[in-house]
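Residue numbers (this note's numbering): 292 to 668.
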Ligand SMILES: NC(=O)c1ccc[n+]([C@@H]2O[C@H](COP(=O)([O-])OP(=O)(O)OC[C@H]3O[C@@H](n4cnc5c(N)ncnc54)[C@H](OP(=O)(O)O)[C@@H]3O)[C@@H](O)[C@H]2O)c1
């Protein structure tokens, strides 16, 4: 195909006077360097992390749509109290969209083998018609896998594999997982079954529990149920799940650590003023509840709470280990690591206030998928 000199891409800026500005721009298509490829983007999902970068902490009730240079644009107010956290991004026009899939239409001399191949890519700037990116950030997809099927082949699948690996490094084989009805949660249910990991799934609505049970989850607890606290202690005691991967935060992290301490105290044989000797770990890997993470007392002194980020996990892996993870994802892209999507929308549609109101809820169900090649409506 003839490569156009320019293509549309989505950019997010927060200005020093407190305005979030999300717009489409026409940008030059960069020629790939020796170890890069040029990908014609065909499918890219809107993930929770993208919503965070697109809108920051802006007040979505103040969204206003308009145009800039004839292209769609959205603005919103950023509350004054949030501005101090944003100092490092003020005034920068940031590229949006952390992953996606498309066809390699140009390749540097060391990446010629990818020419014409369909690939999944990981790296900001995927909400774009064309993306020039390191060949190492690409996963070559099997011939019969469409761009839509490969669009979410990296962030959530690698995170699910990273979570299991992190659990194992700590010697664990059972864990609590929150917001478990998420796309990632469903992958983890299927992966845990294959890996022999015992998963205690925490959801917040009865229909989410039914959905996970239908795909084979054995332990599912609904945090809105009146007996949640007791059932959580009971299930942790019976499974030995002393590690939690928590995408929610807020009060939930502390409630789970408390339940772990209660469960551990059941098998303790003597009293210690320091609490039980059982190590309790919480990895807070998402911010679905924007409230501060709250850890109460009653959990003894043997515990840890830390963040967990896919990119930190990947940085510590050598090339062989990364290739092994890619192979694993490729094998399961239509099974363990499959995602569901609604009807694809165009880049401009993703800037419609009604569409934003829908995907910004980060609700359970099919992800919103952008096809950047769909024309502007
Ligand atoms: N740290 C990392 O490297 C990393 C990597 C990948 C993903 N993640 C995180 O993993 C999480 C899941 O991602 P995904 O793409 O699978 O999400 P998703 O499919 O969009 O699902 C989001 C889920 O979160 C639930 N949820 C939203 N707000 C909640 C709240 N306040 N309390 C409890 N549950 C809430 C939703 O349930 P309702 O329908 O009930 O709202 C829904 O089930 C996200 O937080 C994402 O940022 C982190």
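Glycine included, every Cβ here is placed at the ideal spot set by N, Cα and C.
What distance in whole Å lies between the Cβ atoms of residue 303 and residue 315, which are believed to be in contact at a cut-off of 8 angstroms?
-> The count along the chain shown starts at 1 and reaches residue 315 at position 24. The count along the chain shown starts at 1 and reaches residue 303 at position 12. Contact flag wrong, Cβ pair sits at about 11 angstroms.
Taking the beta strand (DSSP E) that residue 571 falls in, what are its first and last residues?
-> Along the chain shown, one-based indexing puts residue 571 at 280. Start and end: 571-575.
On a CA-only basis, which of 375, 343 and 412 is nearest residue 328? Give me that one, please.
-> On the chain shown, residue 328 is found 37 positions in, with the first residue counted as 1. For the residues 375, 343 and 412, the minimum Cα distance to residue 328 belongs to 412.
Whole-number beta carbon distance between residue 539 and residue 579, since they are thought to touch under 8 angstroms | Counting from 1 along the chain shown, the entry for residue 579 is found at position 288. Counting from 1 along the chain shown, the entry for residue 539 is found at position 248. With 8 angstroms as the limit, residue 579 and residue 539 qualify as a contact, their Cβ atoms being about 5 angstroms apart.
DSSP on residue 478, reduced to helix/strand/coil?
-> As a position in the chain shown, residue 478 is number 187, starting the count at 1. It is helical.
Look up residue 397 in the DSSP assignment and say whether it is helix, strand or coil.
-> What you label residue 397 is simply residue 106 of the chain shown in a count that begins at 1. It is a strand residue.
Apply the 10 Å Cβ neighbour rule to residue 592 and answer buried if 16 or more other Cβ atoms are within range, or exposed otherwise.
-> Within the chain shown, residue 592 is the residue found at index 301, counting from 1. Label assigned to residue 592: exposed.
Once you ignore the five residues that flank residue 594 on each side, which residues in its own chain have a CB closer than 6 angstroms to its CB?
-> Residue 594 sits at position 303 when you count from the first residue of the chain shown. Only 548 and 571 meet the Cβ criterion.
Using the rule of at least 16 other Cβ atoms within 10 Å of the residue's Cβ for burial, across every protein chain shown, is residue 461 buried or exposed?
-> On the chain shown, residue 461 is found 170 positions in, with the first residue counted as 1. With fewer than 16 Cβ atoms within 10 Å of its Cβ, residue 461 is classed as exposed.
Using a Cβ-Cβ distance under 8 angstroms, would residue 428 count as near chain D?
-> Included in the structure is just one protein chain, with no chain D present.
Do you know how far the Cα of residue 605 is from the Cα of residue 559?
-> Counted from its first residue, the chain shown places residue 559 at position 268. Counted from its first residue, the chain shown places residue 605 at position 314. For residue 559 and residue 605, the distance between alpha carbons rounds to 37 angstroms.
Inter-residue Cα distance where the pair is residue 369 and residue 349 | The count along the chain shown starts at 1 and reaches residue 369 at position 78. The count along the chain shown starts at 1 and reaches residue 349 at position 58. Cα to Cα, the separation comes out at about 4 angstroms.
For residue 636, the residue or residues it bridges with in DSSP | The sequence position of residue 636 within the chain shown is 345, counting from 1. Per DSSP, 661.
Starting from the Cα of residue 482, find the closest Cα among 619, 392 and 358 and give me that residue.
-> Translated into the one-based positions of the chain shown, residue 482 becomes position 191. That would be 619, whose Cα lies nearest to the Cα of residue 482.
Secondary structure of residue 357, DSSP reduced to three states | Counted from its first residue, the chain shown places residue 357 at position 66. Strand, per DSSP.
Identify whether residue 497 lies in helix, strand or coil by the three-state DSSP scheme.
-> As a position in the chain shown, residue 497 is number 206, starting the count at 1. The answer is helix: DSSP assigns residue 497 an H, G or I state.
Residue 663 vs residue 293 beta-carbon contact at 8 angstroms | For the purposes of this step, residue 663 is taken as residue 372 along the chain shown, with counting starting at 1. For the purposes of this step, residue 293 is taken as residue 2 along the chain shown, with counting starting at 1. Going by C-beta atoms, residue 663 is not nearer than 8 angstroms to residue 293.
Just how far apart, CA to CA, sit residue 296 and residue 396?
-> In the chain shown, the residue the question calls residue 296 occupies position 5. In the chain shown, the residue the question calls residue 396 occupies position 105. So the two alpha carbons sit approximately 13 angstroms from each other.
Reducing DSSP to helix, strand and coil, say where residue 502 ends up.
-> In the chain shown, residue 502 corresponds to position 211, counting from 1. Residue 502: helix per DSSP, three-state reduction.
Okay, do the segment 492-511 and the segment 633-644 touch, 3+ Cβ pairs below 8 angstroms being the bar?
-> no
Straight-line gap, residue 505 to residue 499 (C-alpha atoms, nearest Å) | Taking the chain shown and counting its residues from 1, one reaches residue 505 at position 214. Taking the chain shown and counting its residues from 1, one reaches residue 499 at position 208. Cα to Cα, residue 505 sits roughly 10 angstroms from residue 499.
How would you call residue 576, buried or exposed, if buried means at least 16 neighbouring beta carbons within 10 angstroms?
-> In the chain shown, counting from the first residue as 1, residue 576 sits at position 285. Residue 576 is buried by the Cβ-count criterion.
How about residue 537 and residue 469: are their beta carbons less than 8 angstroms apart?
-> Locating residue 537 in the chain shown gives position 246, counting from the first residue. Locating residue 469 in the chain shown gives position 178, counting from the first residue. Yes, these two residues count as a Cβ contact at 8 angstroms.
Cα-Cα separation, residue 330 to residue 512 = Working through the chain shown from its first residue, we reach residue 330 at position 39. Working through the chain shown from its first residue, we reach residue 512 at position 221. Answer to the nearest angstrom: the Cα atoms are 42 angstroms apart.
Whole-angstrom Cβ separation of residue 489 and residue 464, contact assumed at under 8 angstroms?
-> Locating residue 489 in the chain shown gives position 198, where the first residue counts as 1. Locating residue 464 in the chain shown gives position 173, where the first residue counts as 1. Rounded, the Cβ-Cβ distance is 6 angstroms, consistent with contact.
Compare the C-alpha of residue 362 against each of 455, 379, 419 and 299 and name the closest.
-> Along the chain shown, read from residue 1 onward, the residue named residue 362 stands at position 71. Closest option to residue 362, Cα to Cα, is 299.
Between the Cα of residue 355 and the Cα atoms of 387, 394, 373 and 310, which residue gives the shortest distance?
-> As a first step, residue 355 is located in the chain shown; it is residue number 64 there, counting from the start. That would be 310, whose Cα lies nearest to the Cα of residue 355.
Range of the contiguous beta strand (DSSP E) that encloses residue 466 = In the chain shown, residue 466 corresponds to position 175, counting from 1. Element bounds for residue 466: 465-469.
Excluding sequence positions up to five away, which residues of its chain have a Cβ less than 7 angstroms from the Cβ of residue 430?
-> Looking up residue 430 in the chain shown gives position 139. If we look at residue 430 and ignore the five residues flanking it on each side, its Cβ neighbours are 410, 411, 444, 445, 617, 620 and 621.
In angstroms with no decimal places, state the Cα-to-Cα distance between residue 317 and residue 566.
-> As a first step, residue 317 must be located in the chain shown, where it is residue number 26. As a first step, residue 566 must be located in the chain shown, where it is residue number 275. Approximately 59 angstroms between the Cα atoms of the pair.
Say the cut is 7 angstroms; is the CB of residue 446 nearer than that to a heavy atom of ligand 1?
-> Here residue 446 refers to the residue found at position 155 of the chain shown. It does: the Cβ of residue 446 is within 7 angstroms (strictly closer) of some heavy atom of ligand 1.
Closer than 7 angstroms: is that where the CB of residue 474 sits relative to any heavy atom of ligand 1?
-> On the chain shown, position 183 is the one that residue 474 refers to. At least one heavy atom of ligand 1 is nearer than 7 angstroms to the Cβ of residue 474, so yes.
Alpha carbon to alpha carbon, how far is residue 657 from residue 564?
-> Locating residue 657 in the chain shown gives position 366, counting from the first residue. Locating residue 564 in the chain shown gives position 273, counting from the first residue. The straight-line gap from Cα to Cα measures roughly 48 angstroms.
Excluding five sequence neighbours on each side, which residues of the same chain lie with their C-beta closer than 6 angstroms to the C-beta of residue 423?
-> As a first step, residue 423 must be located in the chain shown, where it is residue number 132. Hits under 6 angstroms: 321, 323, 327 and 329.
Buried or exposed: where does residue 546 fall if 16 or more other Cβ atoms within 10 Å of its Cβ makes it buried?
-> Walking along the chain shown from the start, residue 546 turns up at place 255. With 16 or more other Cβ atoms within 10 Å, it is buried.
Which residue from 307, 555, 421 and 371 puts its Cα closest to that of residue 383?
-> The residue given as residue 383 occupies position 92 in the chain shown. Nearest of 307, 555, 421 and 371 to residue 383, Cα basis: 307.
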